[in-house]
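Colleague:
Residue numbers (the working numbering), protein chains in the order written: chain A, 7 to 386; chain B, 7 to 386.
1. Could you tell me which chain B residues have their CB closer than 7 Å to the CB of residue 346(A), listed as they occur along the chain?
2. Cβ of residue 257(A) within 7 Å of Cβ of residue 219(A)?
3. Looking at the C-beta of residue 336(B), does it have a partner C-beta in chain A at a distance below 7 Å?
4. Hey, quick one: how far does the beta strand (DSSP E) through residue 35(B) stretch, first residue to last?
5. Do residue 335(B) and residue 363(B) have their beta-carbon atoms positioned less than 7 Å apart in this structure?
6. Going by beta carbon distance, what residues of the same chain come within less than 7 Å of residue 36(A), once the five residues before and after it are set aside?
7. Listed in chain order, which residues of the region 282-293 of chain B have Cβ atoms closer than 7 Å to some Cβ of chain A?
8. Counting only the same chain and skipping the five closest in sequence on each side, list residues whose C-beta sits under 7 Å from that of residue 54(A).
9. Using a Cβ cut-off of 9 Å, which residues of the region 71-104 of chain A contact any Cβ in chain C, in chain order?
10. Any Cβ of chain A within less than 7 Å of the Cβ of residue 379(B)?
11. For residue 43(B), tell me which candidate among 109(B), 31(B), 376(B), 238(B) has the shortest Cα-Cα distance.
12. Thinking just about the alpha-carbon of each residue, which of 260(A), 206(A), 91(A), 283(A) is nearest to the one in residue 368(A)?
13. If you measure between the beta carbons of residue 338(A) and residue 309(A), is that distance less than 7 Å?
14. Report the residues of the region 307-328 of chain A with a CB closer than 8 Å to any CB of chain B, ordered along the chain.
15. Consider the Cβ of residue 50(A): report whether some Cβ of chain B lies at a distance smaller than 7 Å.
16. Where does the unbroken beta strand (DSSP E) through residue 204(A) begin, and where does it stop?
17. I'd like to know if residue 367(A) contacts chain B, where contact means its C-beta is closer than 7 Å to some C-beta of that chain.
18. Run down chain B in chain order and give the residues with a C-beta less than 7 Å from the C-beta of residue 333(A).
19. Can residue 116(A) and residue 99(A) be called in contact, C-beta distance under 7 Å?
20. Which value, in whole angstroms, describes the spacing of the CA atoms of residue 10(B) and residue 208(B)?
21. With a threshold of 7 Å between beta-carbons, can residue 214(A) be considered close to chain B, or not?
22. Considering only the beta carbon of each residue, do residue 236(A) and residue 296(A) sit closer than 7 Å?
23. Quick check on the burial criterion: 16 or more other C-beta atoms within 10 angstroms. Buried or exposed for residue 222(A)?
24. Among 131(A), 379(A), 270(A), 119(A), which one has its Cα closest to the Cα of residue 149(A)?
25. Taking contact to mean 3 or more Cβ pairs, one atom from each stretch, closer than 8 Å, check whether the region 130-149 of chain A and the region 241-256 of chain A are in contact.
26. Name the DSSP bridge partner or partners of residue 288(A)?
27. In terms of residue numbering, what span does the alpha helix (DSSP H) encompassing residue 57(A) cover?
28. Is DSSP giving residue 329(A) helix, strand or coil here?
29. Taking Cβ positions, are residue 13(A) and residue 57(A) nearer each other than 7 Å?
30. State the CB to CB distance for the pair residue 66(B) and residue 32(B), rounded to an integer number of angstroms; the pair is presumed to be in contact (CB under 8 Å).
31. Taking residue 265(A) and residue 232(A) to be in contact with their CB atoms under 8 Å, please state how far apart those CB atoms are, rounded to whole angstroms.
32. Starting from residue 342(A), trace the alpha helix (DSSP H) both ways and give me its first and last residue.
33. With 7 Å set as the bound, which would you pick, yes or no: does the beta-carbon of residue 9(A) sit closer than that to a beta-carbon of chain B?
34. Report buried or exposed for residue 203(A), applying the criterion of at least 16 other Cβ atoms within 10 angstroms of its Cβ.
35. Identify whether residue 266(A) lies in helix, strand or coil by the three-state DSSP scheme.
36. Step through the CB atoms of chain B and report whether any lies within less than 7 Å of the CB of residue 158(A).
Spelled out as structure tokens, the structure:
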């Protein structure tokens with residue numbers, strides 16, 4: 007999922023995202039709550055309508071961003087009080103408040119409010135944090151079930167509509183079972199548009215496999231339609247990330263989406279997918295693009311490097327995205343070195359194309375029943 | 007002409023410019039000379055190929071930018087020495103050097119090297135500056151005629167090709183006589199692609215009508231395929247601008263393009279067109295966009311204004327550009343207030359659409375033989 011923090015995948019118009027084949031993007035609850043505010047977004051008909059995005063949207067819980075972005079945060083049983091990074095004003099996020107905001111935003115997938123355990127954390131600290139997340143998951147679910155139909159797109163008539171008709175949101179494509187985890191080929195091509203969002207639970211537990219497993223078991227007991235693994239890619243080794251994912255995945259239902267939050271590099275997301283992960287989000291393709299880092303079939307490429315000054319090759323010789331079919335490395339280097347806004351636009355479009363192509367290759371390989379080609383990098 | 011200072015119309019991908027119907031854009035010699043450098047651009051096949059722009063390109067002479075952007079400039083009979091605004095290095099622009107650079111860049115229309123007289127200027131100062139520009143025009147022409155075939159796109163085979171075939175530059179559209187000033191409807195639809203650029207002369211003379219007329223007469227004596235009026239919109243009143251344009255236009259051949267440089271607001275460019283001006287360029291639509299100022303059929307609109315926070319109307323209700331058919335003022339305001347890069351992208355696309363639509367209306371009205379509707383704003 008491309009990350010669209012403040013109701014925009016940075017620098018990329020929505021029609022380009024559609025052309026790239028992005029079918030779901032992520033919005034950040036913390037940012038949208040602060041600006042433009044969830045009540046304004048609700049009044050505007052929800053985030054889909056506000057940003058003109060008919061396809062699926064997932065919002066995070068705000069928990070991770072509060073921990074990483076705001077000053078003077080204070081965690082209690084009730085929730086997290088924090089100060090805005092924009093103006094220093096005080097706010098309180100609770101599980102109930104996070105649900106209220108996400109429902110107002112009108113996300114298709116709402117995330118339970120969790121505490122992202124810091125890294126490193128002592129075992130006892132990780133255990134207590136994991137248990138707090140479990141209690142918050144229960145409170146999230148209770149509030150969500152009582153209020154989920156208050157989303158701004160819950161119109162009576164939409165219940166009868168089918169996916170793919172004009173004006174409705176597309177939450178999947180015919181024959182494409184990725185989003186809701188259905189693994190059998192030829193699965194039902196058309197789903198009824200839901201009248202309420204889905205709430206996913208989040209597994210925590212720091213870097214302790216037994217705590218992770220306990221978190222997974224107890225989160226599954228709460229019975230969510232999808233499960234995320236949070237609190238990874240926070241500074242631990244990649245081996246540790248893999249170990250935690252592997253420990254948890256076997257305990258999460260295979261017939262429901264399994265989502266690893268906040269990962270990763272292209273080669274990592276392929277490996278996680280091979281383990282059984284269905285969904286991932288990451289700021290890397292968009293953020294790296296703005297710093298001139300391009301992901302290509304030949305590896306990472308720092309476009310500001312002087313060796314590209316006269317390089318007439320496309321950014322990625324293997325890529326057929328609208329940037330690679332039209333522009334050269336020499337031109338992209340010039341734009342970046344000159345701090346031209348088009349640099350961020352074009353770099354981001356290519357990186358998203360690379361990530362989305364990577365995941366298309368993964369889905370194709372899954373359909374064929376063989377991921378080895380994708381894992382070795384021979385399938386592009 | 008949209009302004010593409012450094013080989014990019016800021017924030018707008020080239021395919022979007024094509025969709026908007028931009029058929030010629032302007033590049034700045036001063037900027038491109040400093041970065042990435044005209045020799046690099048020449049090696050890359052010229053600016054068309056470097057930036058992937060198959061349509062027409064005009065480059066300015068560098069004179070105006072040297073005067074307005076660089077420090078410690080010093081004008082002599084030979085030329086202008088100046089320091090780069092990027093790194094303080096010393097450089098010299100002469101008429102010959104300006105021609106050499108513009109030919110290397112591969113522009114379709116090259117501008118004579120001129121001195122843009124500062125405003126206000128005493129009559130004697132304006133006269134001497136105007137005469138210097140005339141001497142530089144002669145030197146520009148001499149160098150240009152001797153070297154114009156050294157442009158990077160002068161391939162032997164292109165002489166036989168016709169406009170509009172794939173891979174060639176389009177310097178006009180069938181039946182569309184605007185670019186080279188042919189006024190008769192039904193003029194030849196197809197021109198052979200030129201093998202050399204065209205050099206336009208520039209009229210100066212400050213704010214003195216008689217000096218302007220003298221400059222016009224003597225520039226026409228030098229016999230250029232097109233003429234520009236420079237040194238306007240430099241702080242004088244709009245009445246004075248109109249007076250200078252009117253004084254000069256009647257002396258410039260009607261069967262050659264007449265180009266007023268660096269203007270203007272939408273209502274101004276319509277008025278100048280009504281006087282007989284064929285070409286204009288201005289940074290206003292692009293620069294204003296990046297500051298949140300939108301040009302609309304209802305006038306100017308400052309998108310950051312709080313009254314747009316919940317405005318679900320498109321930026322311009324009359325406009326059918328890709329921004330106006332998809333996004334609301336509320337969303338554009340949110341993007342701008344949040345300093346999102348997409349704000350600059352979308353605002354610029356709309357403003358360019360508004361300017362290009364305005365000029366399309368002007369051309370349509372000229373075809374019909376009646377500009378009164380466009381002048382009164384009733385034709386959109």
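From the three backbone atoms N, C-alpha and C, an ideal C-beta is built for every residue, glycine too.
Modeller: Taking the structure as given:
1. Here residue 346(A) is taken as the residue at index 340 of the first chain, counted from 1. By Cβ distance, chain B contributes 12, 14, 16.
2. Position 251 of the first chain holds residue 257(A). Position 213 of the first chain holds residue 219(A). Contact flag set, yes.
3. As a position in the second chain, residue 336(B) is number 330, starting the count at 1. Judged by the 7 Å Cβ criterion, residue 336(B) is in contact with chain A.
4. The residue labelled residue 35(B) in the question sits at position 29 within the second chain. Membership of residue 35(B) in any beta strand (DSSP E) is not indicated; the residue belongs instead to the alpha helix (DSSP H) covering 35-40.
5. Stepping through the second chain from its first residue, residue 363(B) is reached at position 357. Stepping through the second chain from its first residue, residue 335(B) is reached at position 329. Note that the C-beta distance between residue 363(B) and residue 335(B) is not below 7 Å.
6. The sequence position of residue 36(A) within the first chain is 30, counting from 1. These residues qualify, in order along the chain: 68, 71, 72, 75.
7. none
8. On the first chain, position 48 is the one that residue 54(A) refers to. Hits under 7 Å: 60, 63, 112, 159, 175.
9. Absent from the structure is chain C; the protein chains it does hold are A and B.
10. Translated into positions along the second chain, residue 379(B) becomes position 373. No, because no Cβ of chain A sits closer than 7 Å to the Cβ of residue 379(B).
11. For the purposes of this step, residue 43(B) is identified with residue 37 of the second chain, where counting begins at 1. Of the residues 109(B), 31(B), 376(B), 238(B), the one whose Cα lies closest to the Cα of residue 43(B) is 109(B).
12. For the purposes of this step, residue 368(A) is taken as the residue at position 362 of the first chain. With distances taken between Cα atoms, residue 368(A) lies closest to 283(A).
13. The sequence position of residue 338(A) within the first chain is 332, counting from 1. The sequence position of residue 309(A) within the first chain is 303, counting from 1. Yes.
14. 315, 316, 318, 328
15. For the purposes of this step, residue 50(A) is taken as residue 44 along the first chain, with counting starting at 1. Chain B contact via Cβ: present.
16. Locating residue 204(A) in the first chain gives position 198, where the first residue counts as 1. Counting along the chain, the beta strand (DSSP E) containing residue 204(A) begins and ends at 204-209.
17. One-based indexing of the first chain puts residue 367(A) at position 361. Closer than 7 Å: no.
18. In the first chain, the residue the question calls residue 333(A) occupies position 327. Here the neighbours are 58.
19. Stepping through the first chain from its first residue, residue 116(A) is reached at position 110. Stepping through the first chain from its first residue, residue 99(A) is reached at position 93. Contact: no.
20. Numbered from its first residue, the second chain carries residue 10(B) at position 4. Numbered from its first residue, the second chain carries residue 208(B) at position 202. For residue 10(B) and residue 208(B), the distance between alpha carbons rounds to 20 Å.
21. The residue labelled residue 214(A) in the question sits at position 208 within the first chain. The beta-carbon of residue 214(A) is placed no less than 7 Å from the nearest beta-carbon of chain B.
22. As a first step, residue 236(A) is located in the first chain; it is residue number 230 there, counting from the start. As a first step, residue 296(A) is located in the first chain; it is residue number 290 there, counting from the start. No.
23. Within the first chain, residue 222(A) is the residue found at index 216, counting from 1. The residue in question, residue 222(A), is buried, as its Cβ has 16 or more Cβ neighbours within 10 Å.
24. Taking the first residue of the first chain as position 1, residue 149(A) is located at position 143. Measuring from the Cα of residue 149(A), the nearest candidate turns out to be 119(A).
25. no
26. One-based indexing of the first chain puts residue 288(A) at position 282. Under DSSP, the beta-bridge partners assigned to residue 288(A) are 8(A).
27. In the first chain, counting from the first residue as 1, residue 57(A) sits at position 51. First-last of the alpha helix (DSSP H) with residue 57(A): 53-57.
28. Here residue 329(A) refers to the residue found at position 323 of the first chain. Residue 329(A) falls in the coil class under three-state DSSP.
29. Locating residue 13(A) in the first chain gives position 7, counting from the first residue. Locating residue 57(A) in the first chain gives position 51, counting from the first residue. The answer is yes: Cβ separation under 7 Å.
30. The residue you call residue 66(B) lines up with position 60 of the second chain. The residue you call residue 32(B) lines up with position 26 of the second chain. Indeed they touch by this definition, with Cβ atoms about 7 Å apart.
31. Counting from 1 along the first chain, the entry for residue 265(A) is found at position 259. Counting from 1 along the first chain, the entry for residue 232(A) is found at position 226. So it is a contact: roughly 6 Å between Cβ atoms.
32. Working through the first chain from its first residue, we reach residue 342(A) at position 336. Note, residue 342(A): alpha helix (DSSP H), 335-343.
33. Taking the first residue of the first chain as position 1, residue 9(A) is located at position 3. Not one chain B Cβ lies under 7 Å of residue 9(A).
34. Sequence index remark: in the first chain, residue 203(A) carries index 197 (1-based). Residue 203(A) should be labelled buried.
35. On the first chain, residue 266(A) is found 260 positions in, with the first residue counted as 1. Note: residue 266(A) maps to strand in three-state DSSP.
36. Residue 158(A) sits at position 152 when you count from the first residue of the first chain. So no, residue 158(A) is outside the interface.
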